[in-house]
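Colleague:
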Amino acid sequence: GDLDFGDILVSGKASKETIQPKSGKEFIVKGQPNRNISIAFNNVELNNYLWVSNNSGKSGTLKFTPNVVLKNKTKALKSGDNLILQPNGLIGEIKLNVGGSISISPNQPVGDYEGTFTVSVSY
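Here the numbering used here is used: the first residue of the sequence shown is 10, the next is one more, and so on.
1. Kindly indicate which three-state DSSP category Asn-45 falls into: helix, strand or coil?
2. How many Å lie between Pro-96 and Asn-116 at the Cα?
3. Going by beta carbon distance, what residues of the same chain come within less than 6 angstroms of Gly-108, once the five residues before and after it are set aside?
4. Along the chain, where does the alpha helix (DSSP H) that runs through Phe-61 open and close?
5. So Tyr-132 and Arg-44 are in contact, right, with Cβ under 8 angstroms, and what is the actual spacing, rounded?
6. Go through its chain and collect everything with a Cβ distance to Ile-113's Cβ below 6 angstroms, but skip five positions before and after it.
7. Using the beta-carbon count (16 or more within 10 Å), is Leu-59 buried or exposed?
8. Classify Lys-31 as helix, strand or coil using the three-state DSSP reduction.
9. Would you please state the rounded distance, in angstroms, between the beta carbons of Leu-92 and Leu-71? I believe it to be under 8 angstroms.
10. Tell me which residues share the same chain as Ile-100 and place their Cβ nearer than 6 angstroms to its Cβ, disregarding the 5 neighbours each side in the sequence.
11. Just verifying my parser: in three-state terms, what is the DSSP assignment at Thr-70?
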């Protein structure tokens with residue numbers, strides 16, 4: 010699913026926009042109950058290249074810093090954290106909520122910024 014930061018007005022001052030994990034997207038990881046897993050994710054560089062190619066303007070990038078938590082928890086998970094799939098009937102699962110922030114420079118080029126954020130799970 011998409012995390013949409015909406016329309017942001019560039020004010021000539023640096024700013025930061027944040028989506029809290031509980032307001033972001035939920036992902037369900039399923040597997041064998043009580044199985045140890047490891048999650049991995051990174052910051053992502055977003056860009057407005059597609060928007061610029063369709064509308065002209067100046068190209069730009071933004072850094073997306075993810076905030077990943079277990080559902081109903083507040084402690085941020087770190088890439089490489091180990092988790093246990095919790096029994097739910099015959100299936101093990103955990104629910105991850107993903108939010109994050111972007112830092113906007115004072116003269117950030119306009120456009121729709123896009124990128125792909127991946128959470129990898131290893132058994």
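The C-beta atom is built at its ideal place from N, Cα and C for all residues, glycine as well.
Modeller: For this structure:
1. Within the sequence shown, numbered from 1, the residue matching residue 45 stands at position 36. Residue state, collapsed to three classes: strand.
2. By 1-based counting over the sequence shown, the position of residue 96 is 87. By 1-based counting over the sequence shown, the position of residue 116 is 107. Looking at the two C-alpha atoms, the distance is approximately 49 angstroms.
3. The count along the sequence shown starts at 1 and reaches residue 108 at position 99. Counting only Cβ-Cβ distances below 6 angstroms, and skipping sequence neighbours, we find Ile-28, Gln-29, Pro-30, Gly-33, Asn-76.
4. As a first step, residue 61 must be located in the sequence shown, where it is residue number 52. In the sequence as presented, Phe is not what sits at residue 61; that position holds Val. Element bounds for Val-61: 58-64.
5. Looking up residue 132 in the sequence shown gives position 123. Looking up residue 44 in the sequence shown gives position 35. Right, their Cβ atoms sit about 6 angstroms apart.
6. Position 104 of the sequence shown holds residue 113. Closer than 6 angstroms at Cβ, skipping near neighbours: Ser-24.
7. Locating residue 59 in the sequence shown gives position 50, where the first residue counts as 1. Exposed: under 16 other Cβ atoms inside 10 Å.
8. The sequence position of residue 31 within the sequence shown is 22, counting from 1. In this structure, Lys-31 counts as helix in the three-state DSSP scheme.
9. Numbered from its first residue, the sequence shown carries residue 92 at position 83. Numbered from its first residue, the sequence shown carries residue 71 at position 62. At roughly 29 angstroms, the Cβ-Cβ gap does not stay under 8 angstroms, so Leu-92 and Leu-71 are not in contact.
10. For the purposes of this step, residue 100 is taken as the residue at position 91 of the sequence shown. Answer for Ile-100: Lys-39, listed in chain order.
11. One-based indexing of the sequence shown puts residue 70 at position 61. Correct three-state label for Thr-70: strand.
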